[in-house]
Structure formats: structure tokens, C-alpha cells
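Residue numbers (our numbering): 5 to 105. Contents: one structure, followed by commentary.
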């Protein structure tokens with residue numbers, strides 16, 4: 005156990021977003037799965053091709069469900085060539101827990 009420390013485990017990275025994506029659109033979709041604490045949209049690479057976003061959840065569970073449901077499935081635009089990518093933010097360096105699920 006141990007105290008709940010706010011860390012990257014409840015933050016997800018979202019890629020392959022359309023260029024005209026809005027923060028409130030992202031928040032609306034991701035809030036379906038848990039309490040969203042913050043949304044930050046950034047330029048993807050190469051710049052001008054896509055947008056990315058970071059979505060923070062109050063609980064890790066919400067982040068996990070969103071990844072399971074949305075990753076490689078959901079499209080914000082019906083004409084999007086690719087579905088969005090959703091994954092946990094990787095902490096910079098640091099040790100990842102061994103063993104998966």
C-alpha cells in the first residue's frame with residue numbers, strides 16, 4: 005500500500021488528434037471514464053500533422069479504462085485516417101514496475 009501520491013500513473017498521453025481538436029472535446033470524451041483533472045493540448049510531430057494531448061485523471065482507474073476503451077478505436081472526426089492513440093504517460097527515466105497484467 006502506501007499513501008496515494010499524485011503521479012504519472014493517472015495521466016494519459018493521447019496522440020493522432022485532429023488539428024482542429026478542442027480542449028473541451030477531449031475533456032468530454034475522457035470524462036466519461038473518470039474525473040478529469042486537466043487537459044493540455046500540444047503540437048504533435050511533425051508539427052502541423054497532428055495534435056497530441058495530456059489528460060490527467062483524479063484516479064488511475066479512469067485512466068486505465070479510457071485506454072482500454074479508446075486506444076486505437078476512437079476517432080474524434082469520422083474522416084480521420086487513424087483512430088487516436090491513448091497510453092499511460094511514461095515517466096522520464098525511473099524504474100517501471102516489473103510484471104504486467
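C-beta atoms are modelled at their ideal positions from N, C-alpha and C, and glycine is treated no differently. Since this is a predicted model, take the numbers as computed values, not measurements.
Your pair residue 65 and residue 39 does not check out as a contact, with CB atoms roughly 10 Å apart and the cut at 8 Å.
The beta-carbon separation of residue 78 and residue 88, rounded to 5 Å, stays under the 8 Å limit for a contact.
With respect to the C-alpha of residue 84, the residue from 21, 14 and 16 having the closest C-alpha is 21.
For the pair residue 92 and residue 56, the CB atoms are not nearer than the 8 Å cut-off. As a beta-bridge residue in DSSP terms, residue 90 pairs with 18. Beyond the five residues adjoining it in sequence on each side, residue 19 comes within less than 6 Å, by CB distance, of 56 and 89 in the same chain, given in chain order. Linking residue 74 to residue 52 through their CA atoms gives a straight-line distance of about 23 Å. Counting only the Cα atoms, residue 81 lies some 10 Å from residue 24.
In the three-state scheme derived from DSSP, where H, G and I count as helix and E and B as strand, residue 66 is classed as helix.
Inter-residue distance for residue 34 and residue 59 is about 8 Å (C-alpha atoms, whole angstroms).
Apart from sequence neighbours up to five positions away, the residues of its chain that approach residue 41 with a beta-carbon distance below 7 Å are 60, 61 and 62, ordered along the chain.
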